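Scroll down for the structure; my scribbles are underneath it.
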Amino acid sequence: MTERLAPVLMVQGTASHAGKSTLVTALCRILKQDGYRVAPFKAQNMALNSFVAAEGGEIGRSQALQAEACGLDPSIDMNPILLKPEADAHSQVIVNGQSIGSMPAAVYQRRKLELWPHVTAALDRLRARYDVVVAEGAGSPAEINLKATDLANMRVARYARAPVLLVGDIDRGGVFASLLGTLELLDPDERALVAGFAINKFRGDPAILAPGLDFLTQRTGVPVLGVVPHLPRLDLPEEDSLGLDDAASTADPSGRIDIAVIRLPHIANFDEFAPLAGEPLVRLRYVEQLADLGQPNLVILPGTKTTVADLDWLRRTGLADGVLGLAQRRTPILGICGGYQMLGSAIHDPDHAESGMDSVPGLGLLPVETTFATTKRTVRVHGRLLGSVGPFGEAAGADVVAYEIHMGRSVAGAALQPLVRIDTRSGESVRELDGLVSGDGLIAGTYLHGLFENDALRHGIVDGLAAQAPARQSGRAEDRPRRNLAAERGRELDRLADAVRASLDLRPLLAASGLG
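Using the working numbering, the first residue of the sequence shown is number 1, and each one after it goes up by one.
Take a look at the structure:
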């Protein structure tokens with residue numbers, strides 16, 4: 001007897017950052033609210049913000065958020081192929097959660113169809129477990145130079161016989177031309193799968209668009225299912241650098257605790273700093289020029305996909321000297337993953353796993369040496385922040401739920417205080433230590449991502465920074481409300497779902513999938 005597979009709904013876009021990920025997240029939440037067992041899927045993602053799935057492998061951050069909208073623990077089946085861009089038009093290729101190596105773009109284009117069976121197997125496993133799958137495309141389905149080997153758009157829709165919602169971003173302009181042009185460039189059988197158009201990020205009165213909407217439907221025979229408004233201050237994790245541009249442009253200048261995140265060229269997992277940006281009194285800035293560094297209360301060196309290349313960039317821009325100068329003036333510095341490796345005395349790459357250099361000197365702020373490996377660690381961890389002096393010590397004892405994604409091993413050359421005690425790794429009991437804190441408590445490094453998702457830890461570090469800032473600058477700790485990030489995330493997902501439910505007529509899409 002043939003196993004019944006669940007229907008698939010698909011969201012594709014006219015371009016990157018048209019809002020595909022956000023609309024898939026909304027549809028997942030709506031269908032969950034309506035009682036369906038729903039799961040997200042994206043065949044191929046390209047992102048430097050990633051997350052560790054339940055099985056221990058790596059997936060794109062947007063699929064982790066979409067799983068949260070469904071009330072699920074993220075699985076590698078939700079994103080079977082993840083590309084993590086590196087320098088010189090290379091990407092690390094992650095298949096079923098594990099790296100299969102780094103490839104130039106041209107080589108990957110020649111080989112990518114070999115990965116199609118992994119895509120269909122992952123999708124079929126989801127369809128066997130859930131009532132419905134909401135799939136997300138990548139970029140545009142009408143990139144004619146890439147279409148023959150495209151794994152993420154119409155090839156998925158044809159395989160699953162999925163009705164497609166085609167989304168255009170009106171905020172960029174030219175939305176009618178982009179929707180019509182995309183449809184015209186599709187093959188006839190692909191056009192037949194497009195069940196509706198959606199216009200995203202509109203500011204103003206949707207009635208103004210009526211003539212254009214009528215024209216689209218009359219010209220193509222495809223209905224416009226609605227106009228989704230621009231949703232200001234939607235506090236959900238971003239996945240790519242276009243989202244980082246938006247975050248940087250809306251930094252709150254009134255924040256009295258100034259935190260500067262160095263915007264490395266290959267910055268990774270920057271979504272983990274969003275909880276800090278939402279804290280009262282905190283101004284979070286992304287800095288890529290020495291002139292903008294200023295005199296922050298905390299500098300964060302974030303994760304990066306290319307530690308050696310980004311450390312070289314840090315030196316060439318003068319930001320390395322700027323960070324060292326701030327450290328001399330007793331400004332707290334925190335390095336995370338690649339940023340932690342940069343803080344050490346040296347980085348070794350004997351197998352050239354990441355670079356063509358055998359060794360490079362680090363910034364010398366922590367007595368630690370890192371050696372890159374050819375295998376990657378992708379695990380979830382649970383532990384406690386250890387006590388220390390300085391701003392990080394204010395959070396001592398705080399619960400730490402985090403994850404590791406790295407290819408290096410760092411060894412301390414002096415007996416300094418670790419930052420975190422790890423109690424479980426991938427669900428198994430361990431007794432390990434992570435990271436390092438300088439003797440004065442002002443310089444700290446860790447391999448753990450997601451620290452600031454932990455409410456007590458985040459509150460403690462902000463309190464520690466406030467205690468070191470001038471009284472006129474910091475305000476009183478007791479005046480700051482305490483945020484519950486999980487509860488806020490749930491409310492934001494519901495707000496998104498409500499806005500999309502009110503804006504789009506989903507009946508044609510559901511009917512085309514057999515759910516209506």
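Quick reminder that beta carbons are idealized off the backbone N, C-alpha and C, glycines included.
These numbers were taken from a predicted model, which means no experiment stands behind them.
Residue from ARG377, ALA207 and LEU301 with nearest C-alpha to PHE270: Of the candidates ARG377, ALA207 and LEU301, the one whose C-alpha sits nearest the C-alpha of PHE270 is LEU301.
Nearest residue (CA-CA) to ASP171, options ALA15, ALA373 and GLY439: Among ALA15, ALA373 and GLY439, the Cα nearest to that of ASP171 is on ALA15.
Alpha-carbon to alpha-carbon, SER513 and GLU86: Each residue's CA atom was taken as its position, placing GLU86 and SER513 some 38 Å apart.
Cβ-Cβ separation, SER359 to HIS348 (assumed contact under 8 Å), whole Å: About 5 Å; that satisfies the 8 Å criterion.
Residue environment, THR374, which counts as buried when at least 16 other CB atoms sit within 10 Å: THR374 should be labelled exposed.
Where the alpha helix (DSSP H) through MET154 begins and ends: Looking at the DSSP string, the run of the alpha helix (DSSP H) that includes MET154 is 154-160.
Cross-strand partners of GLY303 (DSSP beta bridge): DSSP output for GLY303 lists ALA268 as bridge partner(s).
Reduced DSSP category for GLU394 - H, G, I as helix; E, B as strand; rest coil: GLU394 falls in the helix class under three-state DSSP.
Those residues which DSSP pairs with ALA135 across a bridge: Paired residue(s): MET10 and PHE41.
Other residues of its chain near ALA499: CB distance less than 8 Å, five sequence neighbours each side excluded: The residues are ALA26, VAL228, PRO229 and LEU231.
Chain-order list of residues whose beta-carbon lies under 6 Å from that of ALA157 (same chain, five-residue window excluded): Only MET10, VAL164 and LEU193 meet the Cβ criterion.
GLN92 - DSSP class collapsed to helix/strand/coil: In the three-state DSSP reduction, GLN92 falls in the strand class (E or B).
Cβ neighbours of PRO508 in the same chain (closer than 7 Å, five flanking residues each side left out): The beta carbon of PRO508 lies closer than 7 Å to those of ALA195, GLY196, PRO223 and LEU225 in the same chain, with the five residues before and after it left out.
Three-state secondary structure (DSSP) of HIS459: It is helical.
Own chain, CB closer than 6 Å to GLU404, minus 5 neighbours either side, in chain order: The answer, listed in chain order, is ARG377, VAL379 and TYR447.
Coil, strand or helix - ALA373 by DSSP: If DSSP states are grouped into helix, strand and coil, ALA373 belongs with the strands.
Pair within 7 Å by beta-carbon distance, MET342 and VAL308: For the 7 Å CB-CB criterion, MET342 and VAL308 do not form a contact.
At least three beta-carbon pairs within less than 8 Å, the segment 180-190 to the segment 18-38: No: the two stretches stay apart, fewer than three of their Cβ pairs being nearer than 8 Å.
Helix, strand or coil at VAL411 according to DSSP, with G and I counted as helix: Reduced to three states, the DSSP call for VAL411 is strand.
Minimum C-alpha distance to GLN289 - residue among ASN454, GLY318 and PRO104: Nearest to GLN289 by C-alpha distance, out of ASN454, GLY318 and PRO104, is GLY318.
Proximity to ALA260 [Cα-Cα], best of GLY325, LEU146 and ARG283: Closest in C-alpha terms to ALA260, from the list GLY325, LEU146 and ARG283, comes ARG283.
Between the CA atoms of ARG219 and ALA177 - distance to the nearest angstrom: Those two C-alpha atoms are separated by around 12 Å.
Inter-stretch contact (C-beta, 8 Å, three-pair minimum) for the segment 433-440 and the segment 405-420: Judged by Cβ distances under 8 Å, the segment 433-440 makes contact with the segment 405-420, as three or more pairs qualify.
Which listed residue (GLY294, VAL368, ASP423 and GLY168) has its alpha carbon closest to that of ARG384: Nearest of GLY294, VAL368, ASP423 and GLY168 to ARG384, Cα basis: ASP423.
Sheet register partners of ARG421 (DSSP bridge): DSSP, once it has assigned bridges, lists ARG384 and LEU433 as partnering ARG421.
Touch test, the segment 130-146 against the segment 98-108, Cβ-Cβ under 8 Å, three pairs minimum: Judged by pairs of C-beta atoms under 8 Å, the segment 130-146 does not touch the segment 98-108, as fewer than three such pairs exist.
Closest residue to ARG203 among GLY181, GLY173 and THR217 (Cα-Cα distance): When each option's Cα is compared against that of ARG203, the closest is GLY173.
Span separating the alpha-carbon of PHE215 from that of ILE59: Each residue's alpha carbon lies about 40 Å from the other.
As assigned by DSSP and simplified to three states, the class of SER16: In the structure shown, SER16 sits in coil (DSSP, three-state: anything other than H, G, I, E or B).
Cβ neighbour criterion (16 or more within 10 Å) applied to ALA198: Around the beta carbon of ALA198, 16 or more other beta carbons sit within 10 angstroms, so the residue counts as buried.
Distance, ALA207 Cα to ALA353 Cα: Going by the C-alpha atoms only, they are around 56 Å apart.
One or two residues paired with TYR260 in a DSSP bridge: Note on residue identity: the sequence assigns Ala, not Tyr, to residue 260. ARG285 and VAL299, per the DSSP bridge assignment.
Sufficient close CB pairs (3 or more, under 8 Å) joining the segment 451-469 to the segment 361-370: Because the criterion of three Cβ pairs below 8 Å is not met, the segment 451-469 and the segment 361-370 do not touch.
Proximity winner among PHE273, MET46, GLY139 and GLY57, relative to LEU334 (alpha-carbon distances): Ranking PHE273, MET46, GLY139 and GLY57 by Cα distance to LEU334 puts PHE273 first.
Exposed unless 16 or more other CB atoms sit within 10 angstroms - verdict on THR92: Per the sequence shown, the amino acid found at residue 92 is Gln instead of Thr. By the neighbour-count rule (16 or more Cβ atoms within 10 Å), GLN92 is buried.
Reduced DSSP secondary structure (H/G/I, E/B, other) of GLU354: Correct three-state label for GLU354: coil.
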